[in-house]
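Novice:
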Amino acid sequence: MFENNEVLERYSPFFKKYWLPVILACAGLIFFIYGLISLLGTTQKSSDIKFETNSKALETENQIAVDIEGEVVSPGVYELKQSSIVQDALIASGGLTGQADREWVSKNLNLALKLSDGQKIYIPKQGETASNSILGLSSSEGSADLININSASESELDKLPGIGPVTAGKIISQRPYSTIDDLLTKKAVSQKVFDQIKDKIIAQ
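Numbering (the working numbering), first residue to last: 77 to 280.
(1) Once the 5 residues before and after Ile-210 are set aside, which same chain residues still bring their CB inside 6 Å of it?
(2) Counting only the same chain and skipping the five closest in sequence on each side, list residues whose C-beta sits under 6 Å from that of Glu-145.
(3) Nearest to Gly-170 by alpha carbon, out of Val-149, Pro-97, Lys-190 and Gln-202?
(4) Three or more beta-carbon pairs under 8 Å between the region 259 to 273 and the region 173 to 181, yes or no?
(5) Thinking just about the alpha-carbon of each residue, which of Ser-249, Pro-252, Glu-204 and Asp-221 is nearest to the one in Ile-273?
(6) Ile-33 and Ile-223: beta carbons closer than 9 Å?
(7) Run the CB neighbour count on Gln-195, radius 10 Å, all protein chains shown included, and call it buried at 16 or more, exposed below.
(8) Distance check for Lys-263 and Ser-214, CA to CA, integer angstroms please.
(9) Can you look up Leu-222 in the DSSP assignment and give me helix, strand or coil?
(10) Who are the near neighbours of Lys-183 in its chain, counting only those whose CB is closer than 6 Å to its CB and skipping five residues on each side?
(11) Are Pro-237 and Val-269 closer than 9 Å when you measure CB to CB?
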């Protein structure tokens, strides 16, 4: 008790003389600490925002746009992951309608085929592919020997020179075609392959 009083008496003149600078120094220290904490918090938030922005940009770069039309519940253009396959596009569009030609889908559409940016998928309705086949057979003389790229199966397309299972799947997934030149426009085949098959195919 006496020792405390002695300390107070010893430093009392100092505090009386310099009380204002001491208070200002303490206040300055408090504001400095507060400012430092605020600065660290702002830097952390900026880093979080930058990281989130970069993540969104990276996610956008890893997406592809696919147009799916015909007999699906919700036709249109969908943004999918770069690793998506045909089945993913069908799921995104709500699946097949009741009018879809499921037999054609099971025979001709490779559900495991990896999609590419800008690709188009067309699902025909029941009877649509059959009528196309009839038209192909009843056209001008000699056309019966030509392969209709709008209705041919994957195995039929595979018989064409330069066409393998992968390219056949791309041709099917890019249907329909108005002319055989659409194979080039839709980038289903290369110019070299097109030159090999152009006299063996028809688009009807």
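Even glycine gets a Cβ: it sits at the ideal position worked out from N, Cα and C.
Specialist: With the given structure in hand:
(1) Caution applies to Ile-210, whose pLDDT of 32 falls short of 50 and renders its modelled position unreliable; the value that the coordinates give is listed next. There are no such residues.
(2) Pro-151 and Tyr-198
(3) Val-149
(4) no
(5) Asp-221
(6) Nothing can be reported for residue 33, as the shown portion of the chain is limited to 77 through 280.
(7) buried
(8) Residue confidence is low: Ser-214 scores 35 on pLDDT, short of 50, so the model does not pin down where it sits. Its coordinate-derived value is still stated next. Roughly 29 Å separates the two Cα atoms.
(9) coil
(10) Ser-229
(11) yes
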